[in-house]
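Okay, structure first, notes after.
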Amino acid sequence: MRSIENVIKEIKKLYSQGFRGFMFEDDMSLINKEWFLKFSKSILKNKIKITYSLQTRVDCIDKEISKALSKSGCVFMYFGIESGVQRILDMCNKKITLNQAKNAFKIVKKYGIKAMASIQFGLPGEDIINLSTVKETIRFLNKELKPEEVAISYTCLYPSSPLSIQQEVICESYEKEIISNIDKKIYKKTAHGSHSIHPKDLTPEKIEEIENTLSKELKIKRFKVETFYKV
2 MRSIENVIKE
12 IKKLYSQGFR
22 GFMFEDDMSL
32 INKEWFLKFS
42 KSILKNKIKI
52 TYSLQTRVDC
62 IDKEISKALS
72 KSGCVFMYFG
82 IESGVQRILD
92 MCNKKITLNQ
102 AKNAFKIVKK
112 YGIKAMASIQ
122 FGLPGEDIIN
132 LSTVKETIRF
142 LNKELKPEEV
152 AISYTCLYPS
162 SPLSIQQEVI
172 CESYEKEIIS
182 NIDKKIYKKT
192 AHGSHSIHPK
202 DLTPEKIEEI
212 ENTLSKELKI
222 KRFKVETFYK
232 V
């Protein structure tokens, strides 16, 4: 990890060029809590008036870090929630609980930090046919988290990853195959966001149905559909 002095130096340089907003684009940002506590103190000490956002996990949030980040200019946090169904989180080895998510959102909001929830559909255990788990996730967002924004993505699988061996997939260019048997040269052609390899039930029709359900039932109207995540 870069030193705090090095990061502050870069921020000062960009600040002198007119930049006032920054983002820490690393979903493991707060794993090193002490680094960010010292960073926040350094921002205040140097009297740098900026705003910034960061990606992190809900199990990295507590009152101490949230208060420090807020004081130093953090205005937005991006959390990978993935699902509002604990069973699905456990099957994916996410290693977070829904209670941790609820607590994290409550804490950051207390300190004036807005929060985005990133949700992923098509994970192992997802009821893609009847959308029961999709609706359960929507209820969790509406009732418990109440994020300012929601990002939606769909599962796309890496060959030979733990998740891929659980799921049959459709490769649109090569008919039905099991992802662990797909030639890696083929997979390299399916760049991030290509939508070409995904769980077998996640058809274009189902994706449209999910998005229509979201538009109808999600109270948070600021949501965006992102590219597929490879997992």
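Just so you know, we're using the working numbering here: the sequence shown kicks off at 2 and counts up by one.
Glycine included, each C-beta is placed from N, C-alpha and C at the ideal position.
Check	Outcome
Do Tyr53 and Gly81 count as a contact pair if the criterion is CB distance below 8 angstroms?	no
Put Val151 into one of helix, strand or coil per three-state DSSP.	strand
Who are the Cβ neighbours of Gln87 in its own chain at under 8 angstroms, not counting the five residues just before and after it?	Thr98 and Leu99
Opposite Ile108 in the DSSP bridges: which residues?	None, per the DSSP bridge assignment.
Comparing C-alpha positions only, which one of Asn213, Asn47, Ile211 and Ser154 sits nearest to Ser73?	Asn47
Considering only DSSP beta bridges, list what Leu55 is partnered with.	Phe25 and Met78
Take the Cβ of Gln121 as the centre, count every other Cβ of all protein chains shown within 10 Å, and call the residue buried at 16 or more, exposed below.	buried
Could you check what DSSP says for Gln121 in three-state terms: helix, strand or coil?	strand
In chain order, what residues of the same chain lie with their CB nearer than 7 angstroms to the CB of Lys96, ignoring the 5 residues before and after it?	none
Helix, strand or coil: which one does DSSP assign to Glu35?	helix
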